[in-house]
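Single-structure report; data block below.
Number of protein chains: 2
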Amino acid sequence: MTAPARSLTPDPVLVNGVDTRALMATVNAIKDDPGLGACRFRARNTWLSGNHNRSVVTGFFGARQEIAHAQTFTMDADEPAILAGHDQGANPVEHLLHALASCLTTSLVAHAAVRGIEVEELESELEGDIDLRGFLGLDPTVPRGYTAIRVAFRAKGTTENLARLRELAEFSPVFNTLSQGTRVDVTVQAK
Amino acid sequence: MTAPARSLTPDPVLVNGVDTRALMATVNAIKDDPGLGACRFRARNTWLSGNHNRSVVTGFFGARQEIAHAQTFTMDADEPAILAGHDQGANPVEHLLHALASCLTTSLVAHAAVRGIEVEELESELEGDIDLRGFLGLDPTVPRGYTAIRVAFRAKGTTENLARLRELAEFSPVFNTLSQGTRVDVTVQAK
Chain P
106 MTAPARSLTP
116 DPVLVNGVDT
126 RALMATVNAI
136 KDDPGLGACR
146 FRARNTWLSG
156 NHNRSVVTGF
166 FGARQEIAHA
176 QTFTMDADEP
186 AILAGHDQGA
196 NPVEHLLHAL
206 ASCLTTSLVA
216 HAAVRGIEVE
226 ELESELEGDI
236 DLRGFLGLDP
246 TVPRGYTAIR
256 VAFRAKGTTE
266 NLARLRELAE
276 FSPVFNTLSQ
286 GTRVDVTVQA
296 K
Chain B
106 MTAPARSLTP
116 DPVLVNGVDT
126 RALMATVNAI
136 KDDPGLGACR
146 FRARNTWLSG
156 NHNRSVVTGF
166 FGARQEIAHA
176 QTFTMDADEP
186 AILAGHDQGA
196 NPVEHLLHAL
206 ASCLTTSLVA
216 HAAVRGIEVE
226 ELESELEGDI
236 DLRGFLGLDP
246 TVPRGYTAIR
256 VAFRAKGTTE
266 NLARLRELAE
276 FSPVFNTLSQ
286 GTRVDVTVQA
296 K
């Protein structure tokens, strides 16, 4: 008899559908070599016409190397008719809510997984306030961005586990970027 | 002879593909009644499994009414294999770059249109820095969100027009939200 075939990679250890063994391997690699944690995420956008434009994401830099995504991601943005668009995509401030929702959700689920906290179901509703007078330049005292965003999660799991979820939201990169702000440099050059 | 047929709505006046007559009608309506500018944008997100989740956007509140989008927008987020996902969508911090790119682009194009500044082509490349040690909780002194985002636009148009574009970026709601930060309230309740 021959020995049973063995995979070169260990079996996944799934908690909440997250391969915690793979995730902890990444964590330990960065612990041993902190420089591996530095990432550069990227997107390219092309204006199509009017308020319609499209972004493409193909890969990023992390763990000291260029990493290609398994597929190219394409995302369209537009505006509704009342904002002079043709509704061919969610608008940019709605995409921002998606970025926040998805990041909070991933952060809750992944951090719960490595702590052994099982989550059965998780959904959220987001709502954010913007006064268009800011964007339209009608009143310089009116903020141009969101002045508040509310995120209401509903989760299924044991009471003890649910009580531990809220604090895990604090790890979310998008939540932290929005809460604390970040430096954004914009340049315009001739093509 | 009968008079020529007249549309009930005025013909669009397109600059950069933006119906500036419709946009100015919105601007003037809000000028006359500032309360019309208050908007609430929304998204709903459902966790699917692991790092994969999905947002749906169907409508928003604006001009003192609920406004449905012409279609339902669905956006998936996931993570690449190195971050314990299956690459079934751009990841949340990449979606954030798309939100920023699309908002800056729309703001430049629309504000240029109402000023009569013609833009022929516009594209952008975005890059943002995140150190995963923050998200992973390995070092409390490392920020968890983006520490810097760079946006490089390339535009085609007259030299005079291009020189005026950069300042129009300042109107972008997502740019302002990221630059200045906003309040984000997160709650978790049992389902």
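For the protein sequence lines, the chains are P and B, in the order given.
Counting in the numbering used here, the first sequence runs from 106 upward without gaps.
Counting in the numbering used here, the second sequence runs from 106 upward without gaps.
Cβ coordinates follow ideal geometry from the N, Cα and C atoms, glycine included.
(message) Using the Cβ count rule (16 or more neighbours within 10 Å means buried), how would you classify Gly-140(P)?
(response) exposed
(request) Please list the residues of the region 226-238 of chain P that have a C-beta atom closer than 9 angstroms to any C-beta atom in chain B, keeping them in chain order. (result) Glu-226, Leu-227, Glu-228, Ser-229, Glu-230, Leu-231, Glu-232, Gly-233, Asp-234, Ile-235, Asp-236, Leu-237, Arg-238
(request) Quick one: which residues of the region 143-172 of chain B get their C-beta closer than 7 angstroms to a C-beta of chain P? List them in chain order. (result) Ala-143, Cys-144, Arg-145, Phe-146, Arg-147, Ala-148, Arg-149, Asn-150, Thr-151, Trp-152, Ser-154, Gly-155, Asn-156, Asn-158, Ser-160, Val-162, Gly-167, Ala-168, Ile-172
(request) With a 10 Å radius around its C-beta and 16 neighbouring C-beta atoms as the bar for buried, classify Arg-147(P) as buried or exposed. (result) buried
(request) Output yes or no for whether 8 angstroms exceeds the beta carbon distance between Ala-217(P) and Val-224(P). (result) yes
(request) Look at the Cβ atom of Val-293(P), then the Cβ atom of Leu-283(B), and state whether they are nearer than 8 angstroms. (result) no
(request) Identify whether Asp-244(P) lies in helix, strand or coil by the three-state DSSP scheme. (result) coil
(message) Does the CB of Asp-290(P) have a neighbour CB from chain B at under 8 angstroms?
(response) yes
(message) Please list, in chain order, the residues of the region 130-142 of chain B that have any C-beta partner in chain P closer than 7 angstroms.
(response) Thr-131, Val-132, Ile-135, Lys-136, Pro-139, Gly-142
(message) In the DSSP output, which residue or residues are listed as bridge partners for Ser-160(B)?
(response) Asn-150(B), Met-180(B)
(message) Are the CB atoms of Leu-231(B) and Val-256(B) within a distance shorter than 8 angstroms?
(response) yes
(request) Rounded to whole angstroms, what's the CA-CA distance from Glu-184(B) to Pro-197(B)? Just pull it up for me. (result) 8 angstroms
(message) Cutting at 8 angstroms between CB atoms, please list the residues of its own chain near Leu-209(P), excluding the five before and the five after it.
(response) Ser-229, Val-256, Phe-258, Ala-274, Ser-277, Val-279, Phe-280
(request) Look at the alpha carbon of Ser-154(P) and the alpha carbon of Ala-127(P), and state the distance between them as a whole number of angstroms. (result) 43 angstroms
(request) Identify every residue that forms a DSSP beta bridge with Ile-254(B). (result) Val-289(P), Gly-233(B)
(request) Say whether the region 155-168 of chain P touches the region 166-175 of chain B, bearing in mind that this needs 3 or more beta-carbon pairs closer than 8 angstroms, one atom from each stretch. (result) no
(request) Could you work out which residue in Thr-263(P), Asp-137(P), Gln-193(P), Phe-178(P) is closest to Asp-192(B) when comparing CA atoms only? (result) Phe-178(P)
(request) Mind listing the chain P neighbours of Gly-286(B)? Cutoff is C-beta to C-beta under 7 angstroms, in chain order. (result) Leu-283, Ser-284, Gln-285, Gly-286
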